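Asker: As numbered in the numbering used here, residues 18 to 471 make up the sequence shown, in order. Note that beta-carbon positions come from the ideal geometry of N, C-alpha and C, so glycine has one too. Bear in mind that the values here come from a model prediction, so they are computed numbers and not experimental data.
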Amino acid sequence: MLSNGPKRFLISRRALLELVLRAALIISLLLIAFLPGDLEGRIPLAIALVFLYLAVGRRFDYLDPVVGYLCPWLLILFFSVIKLSRFAITIHRSTYILVLVSIICAVLVGARTRQTTISNERRWLPPKRTRWNARTFFKAIDLFFVAFTIFNIVQAGYIPLVRGIATGDTGYLDFGIHGIFGLYLAMANALAIIYLIVYLRTGRRPYLYRYAGIFFVFVLFVSRQNVISSGVESIIAYSLVRRKVPLKKIAIGLATSAILFSILGNFRSGSIREIAGIEEDWVPDPVVWLYSYSYFNIANVDNLITRSNAPYYDGSSFNQLLPSFLRPESNPDDYYGYLLLINFNVASYMFPVYDDLGEAGVLALTLIAIYLTSKKYVMVYRRFSISQVGTYCVLYFCAAFSFFFNFWFYLPVIFQIFFFYAFGNSSEILCLAEKKSSQWTTVLKALPSRGCED
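1. Quick one: using the 10 Å Cβ neighbour count with 16 as the cut-off for buried, is C448 buried or exposed?
2. Let me see if you follow: with CB-CB separation under 7 Å, is D159 close to chain D or not?
3. Using DSSP bridges, identify the partner residues of F401.
4. Can you tell me the Cα-Cα spacing of I211 and A417, whole angstroms?
5. Would C415 and F424 qualify as a contact pair, given that the criterion is a beta-carbon distance under 7 Å?
6. What's the call for N314, buried or exposed, on a 16-neighbour Cβ count within 10 Å?
7. Is there contact between the stretch 331–340 and the stretch 60–80, where contact requires at least three CB pairs shorter than 8 Å?
8. Let me confirm a value: R227 is counted as buried when at least 16 other C-beta atoms fall within 10 Å, else exposed. Which label applies?
9. Who are the Cβ neighbours of P472 in its own chain at under 6 Å, not counting the five residues just before and after it?
10. What is the rounded straight-line gap between the Cα of R180 and the Cα of L264?
11. Taking its Cβ as the centre, do 16 or more other Cβ atoms sit within 10 Å of I295, making it buried, or is it exposed?
12. From the DSSP output, which residues share a beta bridge with I295?
13. Write down the C-beta distance between S119 and A293 rounded to the nearest angstrom, noting that I regard them as a contact closer than 8 Å.
14. Could you pull out every residue in the same chain whose Cβ sits closer than 8 Å to the Cβ of L338, ignoring the five residues on either side in sequence?
15. Which same chain residues, not among the five before or five after A151, have their C-beta less than 7 Å away from its C-beta?
16. How many Å lie between D472 and A316 at the Cα?
17. Give the DSSP-derived three-state secondary structure of D373 in the structure shown.
18. Buried or exposed for R172, please, with buried defined as at least 16 other CB atoms from any protein chain shown within 10 angstroms of its CB.
19. Give the secondary structure of K261 by DSSP, where H, G and I count as helix, E and B as strand, and everything else as coil.
20. Quick one: residues in its chain with C-beta nearer than 6 Å to the C-beta of Y70, no 5 flanking neighbours on either side, listed in chain order?
21. Please report the distance separating the alpha-carbon of Y353 from that of P53.
22. From L142 to L46, what does the alpha carbon distance come to, in whole angstroms?
23. First and last residue of the alpha helix (DSSP H) that includes F168?
24. Alpha helix (DSSP H) containing S119: first to last residue?
25. On a CA-only basis, which of R400, Y409, L384 and Y438 is nearest Y394? Give me that one, please.
26. Give the secondary structure of A364 by DSSP, where H, G and I count as helix, E and B as strand, and everything else as coil.
27. Would you grab the beta carbon distance between Y310 and V126 for me? Rounded to a whole angstrom, and I think it's under 8 Å.
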């Protein structure tokens, strides 16, 4: 007997719209990439179609790893066709195809979440019981962090920021105990995000101070990569634990950061216009910096693809996963020889992976990395743990900054995941303990005080 009740669809209209747009985008990009003729002339159309998909299908959800991955690559494609620099070259067809097919891979495997509301208390998974006290555990971790920080300073004989102010040379590249300094930075970065989440869940300011202290150490050590990674991961963690930051505020923050970065960059490196070969006076300095760290990325990859015999299948793309004392020595000419300009040595995740494994390696890494990151993103709207939030923050950073470097295979970044899982359960217990302590404090304050009776 047929039911006369209301029909229930297995997929929402929004999800259906996204699937239709996804299929249309994939087919369109394949046609743009592989039809004969002027591929560079069709790149603006590809940019417009991907932009439309992000706006309508993904609603520019900055927490979405597909959005985080695609936006920088759209900017790179845009700058590759306008040629602001007098050093600009024409990007070859093979390079454009690699980038476009990588975009297709990201769109293909990027999961679309069903955003539902869940209370802040119910969304956290209960921790497992442990034999040790969580507060004591993290005090021991703090002592280790402070001791190792001091040990690095004593071993080097200087603090990079102080040395830079005094002499003009920070010496940050030689700072730290080689072989384990990367693990130290990974632990510190993970610990900072854990303390931020604990503060957001409990409101206990000591954990905010610990977070700020670790961030200050990154500044003292002139670890720009950790300043950026901890900053980006903090925004993602805050958005997941507390609330999303409005896109308007993010845009203002990005514009402010670009201005400050250009001012500091010009102070440190001199005129970026002269170095990058920008002759148009109407282009503001922040845009010049953005162009320099976008266009030259794809130009360097293009030189590798068209001027080398890569791939070499030598395992070199995995070297950054090893401590420095185990890492095989490489010939700098193998890298710097393909840079369009020696000052701009950024070449995205594609350069080392293509050099080692070719197109198949780049596409396989894109598929696997974006798929795993998207699977983690789906958990955002389900019950999760601090370790899962931290892991997603790391994977999101790797995807969003893939235009800059292969952070998926970079020990000081990707090894944060180990520390999130090592410290995650204890941090959950710490949250519960701090909340219980705060509740008892509130109850005691609410009790009437008794004075001495005469």
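Answerer: So, to answer that:
1. buried
2. You won't find chain D in this structure, because it holds only one protein chain.
3. W141
4. 21 Å
5. yes
6. buried
7. no
8. buried
9. Residue coverage of the chain in this structure runs from 18 to 471, which leaves residue 472 outside it and unanswerable.
10. 38 Å
11. buried
12. S102
13. Not a contact, Cβ separation roughly 25 Å.
14. F426, Y427, L428 and I431
15. S443, I446, L447 and A450
16. Since the first residue of the chain shown is 18 and the last is 471, residue 472 is not available in this structure.
17. helix
18. Reading the sequence as shown, one finds Gln at residue 172 and not Arg. With fewer than 16 other Cβ atoms within 10 Å, it is exposed.
19. coil
20. L38 and L42
21. 33 Å
22. 41 Å
23. A151 to A173
24. R110 to V126
25. Y409
26. coil
27. Going by Cβ atoms, the distance from Y310 to V126 rounds to 27 Å, so no, they are not a contact pair.
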